[in-house]
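Enquirer: Numbering (the numbering used here), first residue to last: 85 to 310.
Ideal Cβ positions, reconstructed from N, Cα and C, are used throughout, including at glycine.
Given the structure is predicted, the values throughout are model-derived calculations rather than measurements.
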């Protein structure tokens, strides 16, 4: 998690649409595919963001980074750049970070390896729909993965608010310092609880990987930490 204050944003929701568990024999892996709808109350978002960073969406050197644990991994952050001052809706905000180019597609290393696929995004009636895939396999090529090896998968939908800084106090400056996290807005509650032996924010959606079967993932298999 980023070094910043995690805060619940009212009107931010993560809703399961569909999922599938499949064998990926060619890569010695098991693949989990998910579709979720991510909802954001734009008015509340702007108000809360401005409380942390005044004029947050108005400045080109400010940035944003989505945190989508369990679904996808954004490799860095996105400056508002030319979009600054013109972000007046969910659609405009989502376009800042909603391109597959910005997301990792590599295997982790060691033990139970994981690879996020490049997500596909759709904007539907002001919501951001994500189609995502995660693969799991053992590092040891002689060890075949089984469903019982799959971990608890937590699903995050959060927006990391990042404040930009000029290298020189005299603007314009040719150099910009890397933006820093000020706060992270999320759909879950702010208090941590223990669920499945793990620390989770209350209200976090999650899945018991070991309890699945190959085929469609059912809505009742998406649990809530409470």
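#1: Quick check for students: name the residue ranges of the alpha helix (DSSP H) that lie wholly in the region 170-223, counting only runs of 4 or more.
#2: Residue 154 by DSSP, collapsed to three states: which one?
#3: Secondary structure at residue 307, three-state DSSP: helix, strand or coil?
#4: Where does the unbroken beta strand (DSSP E) through residue 100 begin, and where does it stop?
#5: Check residue 286 in the structure and name its three-state DSSP category.
#6: Identify the residues that DSSP records as bridge partners of residue 245: which are they?
#7: Hey, how far is the Cα of residue 113 from the Cα of residue 143?
#8: Please return the same chain residues whose Cβ sits closer than 8 angstroms to the Cβ of residue 310, not counting the five positions on each side in sequence.
#9: To the nearest angstrom, how far is it from the Cα of residue 164 to the Cα of residue 96?
#10: Spatial neighbours of residue 89 within its chain, please: CB distance less than 6 angstroms, with the 5 preceding and 5 following residues excluded, ordered by chain position.
#11: State the start and end residues of the unbroken beta strand (DSSP E) segment that holds residue 239.
#12: Excluding the five sequence neighbours on either side, which residues of its own chain have a C-beta within less than 8 angstroms of the C-beta of residue 283, listed in chain order?
#13: Using only the alpha-carbon positions, how far apart do residue 118 and residue 290 sit?
#14: Looking at the structure shown, is residue 86 part of a helix, part of a strand, or coil, going by DSSP?
#15: Check whether the Cβ atoms of residue 244 and residue 151 sit closer than 7 angstroms, and answer yes or no.
#16: Assuming residue 99 and residue 128 make a contact with CB atoms under 8 angstroms, what is their CB distance in whole Å?
#17: Between 197, 297, 183, which has its C-alpha nearest residue 214's C-alpha?
#18: With a threshold of 16 other CB atoms inside 10 Å of the CB of residue 185, please say whether the residue is buried or exposed.
Expert: On the basis of the supplied data:
#1: DSSP runs (the alpha helix (DSSP H)) wholly in the region 170-223: 174-181.
#2: Residue mapping note: residue 154 aligns to position 70 of the chain shown, counting from 1. DSSP places residue 154 in coil when its eight states are reduced to three.
#3: Against the chain shown, residue 307 aligns to sequence position 223. In the structure shown, the three-state DSSP call for residue 307 is strand.
#4: Numbered from 1 along the chain shown, position 16 holds the residue referred to as residue 100. Residues 97-108.
#5: One-based indexing of the chain shown puts residue 286 at position 202. Residue 286: coil per DSSP, three-state reduction.
#6: Position 161 of the chain shown holds residue 245. Partner(s): 148, 267.
#7: For the purposes of this step, residue 113 is identified with residue 29 of the chain shown, where counting begins at 1. For the purposes of this step, residue 143 is identified with residue 59 of the chain shown, where counting begins at 1. One Cα belongs to residue 113, the other to residue 143, and the distance between them is close to 44 angstroms.
#8: Position 226 of the chain shown, counted from the first residue, corresponds to residue 310. Counting only Cβ-Cβ distances below 8 angstroms, and skipping sequence neighbours, we find 277, 279, 286, 287.
#9: Your numbering for residue 164 matches position 80 in the chain shown. Your numbering for residue 96 matches position 12 in the chain shown. Residue 164 and residue 96: Cα-Cα distance of roughly 21 angstroms.
#10: Within the chain shown, the letter at position 5 stands for residue 89. 267, listed in sequence order.
#11: Residue mapping note: residue 239 aligns to position 155 of the chain shown, counting from 1. Segment 236-239, the beta strand (DSSP E) holding residue 239.
#12: For this step, residue 283 is matched to residue 199 along the chain shown. Excluding sequence neighbours, residue 283 sits near 276, 277.
#13: Walking along the chain shown from the start, residue 118 turns up at place 34. Walking along the chain shown from the start, residue 290 turns up at place 206. If you take the alpha carbons of residue 118 and residue 290, they lie about 12 angstroms apart.
#14: In the chain shown, the residue the question calls residue 86 occupies position 2. In this predicted model, residue 86 has a pLDDT of only 43, less than 50, meaning its place in the structure is not dependable enough to derive any value.
#15: In the chain shown, counting from the first residue as 1, residue 244 sits at position 160. In the chain shown, counting from the first residue as 1, residue 151 sits at position 67. The answer is yes: Cβ separation under 7 angstroms.
#16: By 1-based counting over the chain shown, the position of residue 99 is 15. By 1-based counting over the chain shown, the position of residue 128 is 44. No, residue 99 and residue 128 are not in contact; Cβ-Cβ is about 17 angstroms, not under 8 angstroms.
#17: Taking the chain shown and counting its residues from 1, the one referred to as residue 214 is at position 130. The residue with the shortest Cα to Cα distance from residue 214 is 183.
#18: Start at 1 with the first residue of the chain shown, and residue 185 comes out as number 101. Residue 185 should be labelled exposed.
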